[in-house]
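Below is one structure, written out as structure tokens, with a few remarks after it.
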Amino acid sequence: MKGHTDAMTLAPEQPIGVFDSGVGGLSVLQALRTELPHERFVYLADSANAPYGERGDAFVAARTHAITQYLRDVHHIKALVVACNTATAAAIHEVRSSHPDLPLVGLEPALKPAVARSKTGRIGVIATRGTLSSAKFGKLLASLAGEADIVVQACDGLAHAIERATACSQPGMPPHALEVRTLCDRYLKAMGSFGVEKGQIDTLVLGCTHYIFARDALRALVGPGVQFIDTGAPVARQTRRLLQTAGLLHSEDIPLSRETALQLLTTGSLAHLQTVAQHWLQLPSSCCAAVVVP
Ligand code: DGL
4 MKGHTDAMTL APEQPIGVFD SGVGGLSVLQ ALRTELPHER FVYLADSANA PYGERGDAFV
64 AARTHAITQY LRDVHHIKAL VVACNTATAA AIHEVRSSHP DLPLVGLEPA LKPAVARSKT
124 GRIGVIATRG TLSSAKFGKL LASLAGEADI VVQACDGLAH AIERATACSQ PGMPPHALEV
184 RTLCDRYLKA MGSFGVEKGQ IDTLVLGCTH YIFARDALRA LVGPGVQFID TGAPVARQTR
244 RLLQTAGLLH SEDIPLSRET ALQLLTTGSL AHLQTVAQHW LQLPSSCCAA VVVP
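Numbers in the working numbering are just positions in the sequence shown, counted from 1, shifted up by 3.
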């Protein structure tokens, strides 16, 4: 992996970069915009290369590195949120050492909050194969040994199905939404019984940012009593803390121009990103653009 050598100047007016393999990280972007309404954001969906989950570490690390460099060189970001559990697991350490000057926030399945909140002591974790087989996740799991019964399930194909389902703006049950439901059903059944009774899984960790878009399908399968844990809000708070410590928070007194406050970029289909922005997040399609990141 190439090292980033020249330290770049970081300033409060610069945007925060956020990236994911696809549209999943937009859920994290929403949390960031709520926590940091005075900041500018550049979101990059690497949809041309999604999903990352079954691609292997070397590929995901190379993409993570290329995108970080692109966001620095072209968009002059002052901080980066890797809004992808799979990319964080595969590459966050390398990105940190290649870009020691850049405030960097990664995501990992929120096991500790789940352990603290579970009443039955039985927790489910759904994530990509890449995340669950990583050394980083293995360490996290080992650090909680004996504190809870943790059932993990790799959901091959689910992020991909969600990418395709979110590309469709029609109401009703288009074929890809049906595929999302079928996959959720298969994977949750494999994990055992969900509910709030003794021996049941009462807490489900969404260990992939895409899975929030399948929240309704998951809820229909586990029932109302099971709590979902995702990392959007804590990651947003952590980003605020890092920027504050580095003296990089954007001033609340300088208004943001609508044109530069938010840019949504994709290496894949522009129409797909625009559909997700409009139909799922109520964001104007004018803030979306297609880019090439070799
Ligand atoms: N959204 C990503 C994650 O949080 C990866 C999904 C994928 O591309 O497989 O892990």
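For each residue, glycine too, the CB sits at the ideal point set by N, CA and C.
In this structure, how does DSSP classify K5 when only helix, strand and coil are distinguished?
No answer about K5 holds up, because its pLDDT of 46 lies below 50 and its placement is not dependable.
How many Å lie between E255 and L273 at the Cα?
One alpha carbon belongs to E255, the other to L273, and they sit about 32 Å apart.
What whole-angstrom Cβ distance do V155 and G195 have, given they're in contact under 8 Å?
Wrong, their Cβ atoms sit about 12 Å apart, outside the cutoff.
My guess is that C87 and Y46 are in contact by the Cβ rule of under 8 Å, so how many angstroms apart are they, rounded?
About 12 Å separates the two Cβ atoms, so there is no contact after all.
What are the boundary residues of the alpha helix (DSSP H) that includes Q285?
First-last for Q285: undefined, no H or E at that position.
Short of 8 Å in beta carbon distance, which residues of its chain neighbour G133, apart from the five on each side in sequence? Order them along the chain.
Y55, G56, E57, R58, G59, D60, V63, T89, A92 and A93
Check whether the Cβ atoms of S288 and Q281 sit closer than 8 Å, and answer yes or no.
yes
Would you list the residues sitting across from D23 in a DSSP beta bridge?
The bridge partners DSSP lists for D23 are A48.
Just to confirm my understanding: we take C171, look at its own chain, exclude 5 residues before and 5 after, and list those with CB closer than 8 Å. What are they?
P177, H179, A180 and T278
Using the C-alpha atoms, what's the distance from L32 back to C291?
Rounded to the nearest angstrom, the two C-alpha atoms are 14 Å apart.
Roughly how many angstroms lie between the CA atoms of K189 and R75, to the nearest whole one?
In the sequence under discussion, the amino acid at residue 189 is Arg, which differs from the Lys named in the question. In a straight line, the C-alpha of R189 is about 41 Å away from that of R75.
A65 Cβ short of 7 Å to the ligand DGL heavy atom set:
no
Exposure of D3, with buried meaning 16 or more beta-carbon neighbours within 10 Å
The question about residue 3 has no answer here: the residues shown for the chain are numbered 4 through 297.
CA nearest to the CA of Q72, picked from M11, G27 and L29:
M11
Is the Cβ-Cβ distance between C187 and A157 less than 8 Å?
With contacts defined as CB atoms closer than 8 Å, C187 and A157 fail to qualify as a contacting pair.
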